[in-house]
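The next block holds one structure in the form of structure tokens; read it before the comments.
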Amino acid sequence: MVMSKIHNIFIKQHQRGRWRYHWGHVNATVLKVKLSMSIISISSIHLLQTFVNASKIPEKTIMWEVIIHFAFLISAIAIVAGREFWET
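Following numbering that gives the first Met the number 0, the numbering of the sequence shown begins with 0 at its first residue and continues without gaps.
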């Protein structure tokens, strides 16, 4: 799935002559937000797996995984808030 999306972005868009139009709305901040959302999604899935197996995992491990997940959330919110602050 990822490879097909990469092929669509880098090859097909360039062959169709829409390369500049396609990348016109992408900047560093947008990529940071997309990357942070991906990391949060992966962390959420891992945290869900941890909660499903909570009886086998020590409480301290669960606590640290929740703290790390909230750190990802807070950093993503800070990136978005900083983007809104600097662009206005």
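Ideal Cβ placement from N, Cα and C applies to all residues, glycine included.
Since the model is a prediction, treat every value here as computed from it, not as a measurement.
{"Asked": "Is it true that the segment 23–41 meets the segment 64–77, where meeting means three or more beta-carbon pairs spaced less than 8 angstroms apart?", "Found": "yes"}
{"Asked": "Am I right that residue 32 and residue 67 are in contact with their C-beta atoms under 8 angstroms? What's the rounded C-beta distance?", "Found": "Actually they do not touch by this definition, with Cβ atoms about 19 angstroms apart."}
{"Asked": "Going by DSSP in three states, residue 66 sits in which element: helix, strand or coil?", "Found": "helix"}
{"Asked": "What is the rounded straight-line gap between the Cα of residue 50 and the Cα of residue 61?", "Found": "8 angstroms"}
{"Asked": "Note down the Cα distance separating residue 63 from residue 57, rounded to an integer number of angstroms.", "Found": "10 angstroms"}
{"Asked": "Straight-line CA distance for residue 70 to residue 84?", "Found": "21 angstroms"}
{"Asked": "Keeping to the same chain, check which residues put their C-beta closer than 6 angstroms to that of residue 42; ignore five residues upstream and five downstream.", "Found": "68 and 71"}
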